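For the protein sequence lines, the chains are H and A, in the order given. To convert a position in the first sequence, counted from 1, into my numbering, add 1. To convert a position in the second sequence, counted from 1, into my numbering, add 1. All C-beta atoms in this analysis are idealised placements derived from N, C-alpha and C, irrespective of residue type, glycine included. A quick note: this is a predicted structure, and the numbers were derived from the prediction, not measured. This report refers to the structure that appears directly beneath it.
There are 2 protein chains.
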Amino acid sequence: MSSSSAAPRRNDKAEKVEKAEKVEKAEKPPIRDALIAAAFQLFLERGFEQTTVDDIVALAGVGRRSFFRYFPSKEGVVFPDHERCLADTTAFLAAGEEDEDPVRRVCDAARLVLRMYTENPAFSVQRYRLTKKVPGLRAYELSVVWRYERAFAGYLRGRFAGLPDGTLRADVIAAAVVAAHNNALRSWLRADGEGDAEAAVDRALRYVQEAFGGTDASGAAEGGRPDGRDDVVVVVSRRAAPLWRVVQEIESALGRD
Amino acid sequence: MSSSSAAPRRNDKAEKVEKAEKVEKAEKPPIRDALIAAAFQLFLERGFEQTTVDDIVALAGVGRRSFFRYFPSKEGVVFPDHERCLADTTAFLAAGEEDEDPVRRVCDAARLVLRMYTENPAFSVQRYRLTKKVPGLRAYELSVVWRYERAFAGYLRGRFAGLPDGTLRADVIAAAVVAAHNNALRSWLRADGEGDAEAAVDRALRYVQEAFGGTDASGAAEGGRPDGRDDVVVVVSRRAAPLWRVVQEIESALGRD
DNA sequence: GCGCCGAATGGCACTCAGTGCTGCCGAATG
DNA sequence: CATTCGGCAGCACTGAGTGCCATTCGGCGC
Chain H
2 MSSSSAAPRR NDKAEKVEKA EKVEKAEKPP IRDALIAAAF QLFLERGFEQ TTVDDIVALA
62 GVGRRSFFRY FPSKEGVVFP DHERCLADTT AFLAAGEEDE DPVRRVCDAA RLVLRMYTEN
122 PAFSVQRYRL TKKVPGLRAY ELSVVWRYER AFAGYLRGRF AGLPDGTLRA DVIAAAVVAA
182 HNNALRSWLR ADGEGDAEAA VDRALRYVQE AFGGTDASGA AEGGRPDGRD DVVVVVSRRA
242 APLWRVVQEI ESALGRD
Chain A
2 MSSSSAAPRR NDKAEKVEKA EKVEKAEKPP IRDALIAAAF QLFLERGFEQ TTVDDIVALA
62 GVGRRSFFRY FPSKEGVVFP DHERCLADTT AFLAAGEEDE DPVRRVCDAA RLVLRMYTEN
122 PAFSVQRYRL TKKVPGLRAY ELSVVWRYER AFAGYLRGRF AGLPDGTLRA DVIAAAVVAA
182 HNNALRSWLR ADGEGDAEAA VDRALRYVQE AFGGTDASGA AEGGRPDGRD DVVVVVSRRA
242 APLWRVVQEI ESALGRD
């Protein structure tokens, strides 16, 4: 792109610098990052549908064919790091110990996914705003989330193998974990990345863990109950009241909200 | 297209017959059904990607433009009745009574969706085999399922409004209901539509209802309380006990199970 | 019976996503 | 220096999806 064949000595030097950068950055293709930056710039200022792949590659200064070497589709450029994150997550689940609570392990895996978002708050918020408006991106995000959910469910199915209704439990818990994670994550994204996302997700996941009863409620130990109270609660309810109403009373009496 | 202006009398008769069919079938465009039939025939014998929209309209004997008048995309023809079913489901939720258990209502809505599958077992099984192999159809199905889940969650958010963690509970329960429904549904589809799908889904949904403690367990209302007791119940629970354990105590104390 | 109107349809042309192929260039080999 | 190999640009092509317009058909008023 820049002036070439002007000074061979200088070119040799430039090559050395480039190589040094390569070693330093370690297998990071600059073309990929240029495409991501160009795509987001155009998507944000002009809209997703109003931007063609040709516009992106023109702004990034690369060939059109290169775009599809790095991303499977026009939507894929919006979720550039999910492939690696999904691999990390499955590896994390595969490395789990046998005596660990499976639900807790899956919750920790979800926390791993959360970290990918919190590492780049600005980027995550921009992407959230895009996916909220563009139906095509929402659909693509669904397929991404679905792969996480299937990874969770697959792990749980293995851990629940032999148990009655093992696959049912696995599927339901995986879906609940994903839903809780997304609920907290989206609250954080709607707040422009302000606030403690980790705490919000912990809180949401604790609700799931309590609902399925397969855990010691993680945060209860640490955040817990600083006054040391582990006392009893008395609830009085009319027998004819609908059960779900009673449960609501119980929950508020127990201080879970 | 067919021979015209040959015998006006005969043409008049043909018109009458056509009109009679229209009145009989009542607002059912035959073009739509012809497109669905042609699409499935080609998808099954040749594969989804190997079939173009031109192939479908050629076999159905209609213009290419008409395909996209009836279906939003090539994938859409595989899920022809979901739009109506989704409308029915949201209407069913909107018509719910205020004093009914919200979780139970959502489970009933899921049973409504199941009915759409069980009404045409052969069709549902064919579609299942297609979506299992074709990634594009899986993605499309995800977006369809997502709309049901959002309908469920929206209803629950309304019912849980004001409660602590209302949206979290709504999202998680909606996801759990959908996951349980799909788990049972897919078992039935894998078995080629043999067996009792209703019973399987009932069983799966009961698991969800128990996990979230928001139900009177199916038959409690009708089984009633013939002794006329409408007294009070006192429950004592340790504050640190997992919620599901507490709920179990409540349920047994209230005599519902 | 006649003409008009609106809805449904078919046909055409166009944009753009995604893919296969070819040639090119630079870098690592001998 | 010659060769090979991997990444990239450019080109051409298929096919999905859309906008536009002409046509047709059933219905309706005159």
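Beta-carbon proximity check, residue i vs residue j, cutoff 7 angstroms
i	j	result
residue 166 of chain H	residue 154 of chain H	no
residue 179 of chain A	residue 209 of chain A	no
residue 103 of chain H	residue 160 of chain H	yes
residue 185 of chain A	residue 212 of chain A	no
residue 40 of chain A	residue 78 of chain A	yes
residue 138 of chain A	residue 50 of chain A	no
residue 175 of chain A	residue 150 of chain A	yes
residue 87 of chain H	residue 128 of chain H	no
residue 145 of chain A	residue 83 of chain A	yes
residue 115 of chain A	residue 202 of chain A	yes
Proximity test, Cβ basis, 7 angstroms: residue i and chain H
i	result
residue 24 of chain A	For residue 24 of chain A, the predicted structure reports a pLDDT of 39, less than 50, and the residue's modelled location is therefore unreliable. A value from the coordinates is still provided. Answer no: the Cβ-Cβ gap between residue 24 of chain A and chain H never drops below 7 angstroms.
residue 140 of chain A	yes
residue 172 of chain A	yes
residue 222 of chain A	Residue confidence for residue 222 of chain A is low, a pLDDT of 38 falling below 50, so the modelled location carries little weight and cannot support an answer.
Beta-carbon neighbours of residue i, restricted to chain H and to distances below 7 angstroms
i	result
residue 147 of chain A	143
residue 213 of chain A	212
residue 169 of chain A	181, 184, 205 and 208
Proximal residues of chain H, C-beta to C-beta of residue i below 8 angstroms
i	result
residue 176 of chain A	176, 177, 179 and 180
Contacts of residue i in chain A (Cβ-Cβ under 9 angstroms)
i	result
residue 91 of chain H	Simply none; closest approach about 18 angstroms.
residue 82 of chain H	Ordered by position in chain A, no residue passes the 9 angstroms Cβ test against residue 82 of chain H, which lies about 20 angstroms from the chain.
Cutoff 7 angstroms: residue i Cβ touching any chain A Cβ
i	result
residue 121 of chain H	no
residue 205 of chain H	yes
residue 102 of chain H	no
residue 58 of chain H	no
residue 193 of chain H	no
Assigned exposure category for residue i - 16 Cβ within 10 Å defines buried
i	result
residue 45 of chain H	exposed
residue 133 of chain A	exposed
residue 48 of chain A	exposed
residue 121 of chain H	exposed
residue 52 of chain A	buried
residue 195 of chain H	exposed
residue 214 of chain A	buried
residue 123 of chain H	exposed
residue 43 of chain H	buried
residue 197 of chain H	exposed
residue 169 of chain H	buried
residue 207 of chain H	buried
residue 181 of chain A	buried
residue 110 of chain A	buried
residue 200 of chain H	exposed
residue 152 of chain H	buried
residue 164 of chain H	exposed
* Within the chosen definition, does the region 95 to 112 of chain H reach the region 190 to 197 of chain H through at least 3 CB pairs nearer than 8 angstroms? -> no
* Asked: Three or more C-beta pairs closer than 8 angstroms, one from the region 66 to 82 of chain A and one from the region 32 to 46 of chain A: is that the case here?
  -> yes
* Take every Cβ of the region 89 to 100 of chain A, pair it with every Cβ of the region 57 to 68 of chain A, and state whether three or more of those distances are shorter than 8 angstroms. => no
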